[in-house]
Amino acid sequence: GENVEQHPSTLSVQEGDSAVIKCTYSDSASNYFPWYKQELGKRPQLIIDIRSNVGEKKDQRIAVTLNKTAKHFSLHITETQPEDSAVYFCAAKGGYGNNRLAFGKGNQVVVIP
Amino acid sequence: NAGVTQTPKFQVLKTGQSMTLQCAQDMNHNSMYWYRQDPGMGLRLIYYSASEGTTDKGEVPNGYNVSRLNKREFSLRLESAAPSQTSVYFCASTGTTSTDTQYFGPGTRLTVL
Chain A
12 GENVEQHPST LSVQEGDSAV IKCTYSDSAS NYFPWYKQEL GKRPQLIIDI
62 RSNVGEKKDQ RIAVTLNKTA KHFSLHITET QPEDSAVYFC AAKGGYGNNR
112 LAFGKGNQVV VIP
Chain B
64 NAGVTQTPKF QVLKTGQSMT LQCAQDMNHN SMYWYRQDPG MGLRLIYYSA
114 SEGTTDKGEV PNGYNVSRLN KREFSLRLES AAPSQTSVYF CASTGTTSTD
164 TQYFGPGTRL TVL
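Structure representation (structure tokens):
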């Protein structure tokens with residue numbers, strides 16, 4: 012099955028700086044790559060996603076890039092703010108009718124005011 | 064729309080007791096999932112139901128059973144709770160296509176003494 016790895020496990024950034032989280036996946040048939048943000052005590056919530064036919068997608072301060080050849084995708088957060096502090100999960104969903112998401116173990120992002 | 068709802072929010076059990084976690088969605092989704100979340104382990108899939116009338120094991124099914132009662136409801140049962148099942152449990156649902164968003168419920172925090 013699909014295996015998703017996420018690095019680094021913890022990331023501390025100064026407010027206003029950028030944060031980048033990288034994920035790798037194993038199944039070349041995977042075609043959907045969402046990113047979830049989970050605040051303390053809350054449910055994971057989708058913040059951005061990308062399909063395999065797109066290389067980059069941006070939504071305000073958040074962007075995701077996908078490199079299908081290298082089988083990795085990254086989340087970029089620019090101009091970080093204290094409310095960006097959370098755990099971020101990447102995930103991948105395979106093709107061939109597979110409707111299961113494989114999640115990475117999560118990254119704790121801490122924005123230092 | 065309420066989205067995905069779960070009951071109860073919190074539960075404390077003694078070792079050997081049984082209980083059922085309830086989940087319902089009002090988005091007419093075909094697929095539903097049960098995850099457990101433990102510190103440093105990310106989201107691990109317990110069971111899922113690709114459509115009404117079907118269920119399949121995920122990564123960590125031992126000690127659990129599920130029932131897809133109808134299209135809206137998917138329950139998770141612990142027959143004889145163990146301390147190792149202390150965790151936060153999330154239900155999720157998604158539509159049919161491989162790129163549909165997966166939505167999570169608010170979670171159930173379960174402690175087994």
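If you read the protein sequences in the order shown, they are chains A and B. Position in the first sequence (first residue = 1) + 11 = this note's numbering. Position in the second sequence (first residue = 1) + 63 = this note's numbering. For each residue, glycine too, the CB sits at the ideal point set by N, CA and C. Computed from a predicted structure; not experimentally measured.
Residue i at chain A interface by Cβ criterion, 8 Å
{"i": "Ser156 (chain B)", "result": "no"}
{"i": "Pro124 (chain B)", "result": "no"}
{"i": "Gly116 (chain B)", "result": "no"}
{"i": "Met95 (chain B)", "result": "no"}
{"i": "Ser150 (chain B)", "result": "no"}
{"i": "Leu106 (chain B)", "result": "yes"}
{"i": "Ala113 (chain B)", "result": "yes"}
{"i": "Phe153 (chain B)", "result": "yes"}
{"i": "Gly168 (chain B)", "result": "yes"}
Proximity test, Cβ basis, 8 Å: residue i and chain B
{"i": "Leu57 (chain A)", "result": "yes"}
{"i": "Lys79 (chain A)", "result": "no"}
{"i": "Lys82 (chain A)", "result": "no"}
{"i": "Tyr43 (chain A)", "result": "yes"}
The beta strand (DSSP E) enclosing residue i, as first and last residue numbers
{"i": "Met95 (chain B)", "result": "Ser94 to Asp101"}
{"i": "Thr68 (chain B)", "result": "Val67 to Thr70"}
{"i": "Ser23 (chain A)", "result": "Thr21 to Gln25"}
Cβ-Cβ distance between residue i and residue j below 8 Å
{"i": "Gly170 (chain B)", "j": "Val67 (chain B)", "result": "no"}
{"i": "Thr91 (chain A)", "j": "Ser85 (chain A)", "result": "no"}
{"i": "Ser143 (chain B)", "j": "Gly79 (chain B)", "result": "yes"}
{"i": "Cys128 (chain A)", "j": "Gly115 (chain A)", "result": "Residue 128 (chain A) is absent from the structure shown; chain A starts at 12 and stops at 124."}
{"i": "Ala113 (chain A)", "j": "Asn14 (chain A)", "result": "yes"}
{"i": "Arg3 (chain A)", "j": "Ile88 (chain A)", "result": "Only positions 12 to 124 of chain A appear in this structure, which leaves residue 3 (chain A) out of reach."}
{"i": "Thr162 (chain B)", "j": "Arg62 (chain A)", "result": "yes"}
For residue j and residue i, the rounded distance between their alpha carbons
{"i": "Thr80 (chain A)", "j": "Arg107 (chain B)", "result": "27 Å"}
{"i": "Lys69 (chain A)", "j": "Ser29 (chain A)", "result": "14 Å"}
Could you give the uninterrupted runs of the beta strand (DSSP E) lying entirely in the region 108–176 of chain B, keeping only those of 3 residues or more? 127–131, 137–141, 150–157 and 171–175
Every unbroken beta strand (DSSP E) inside the region 28–81 of chain A [3 residues or more]: 30–36, 43–49, 56–62, 67–70 and 73–78
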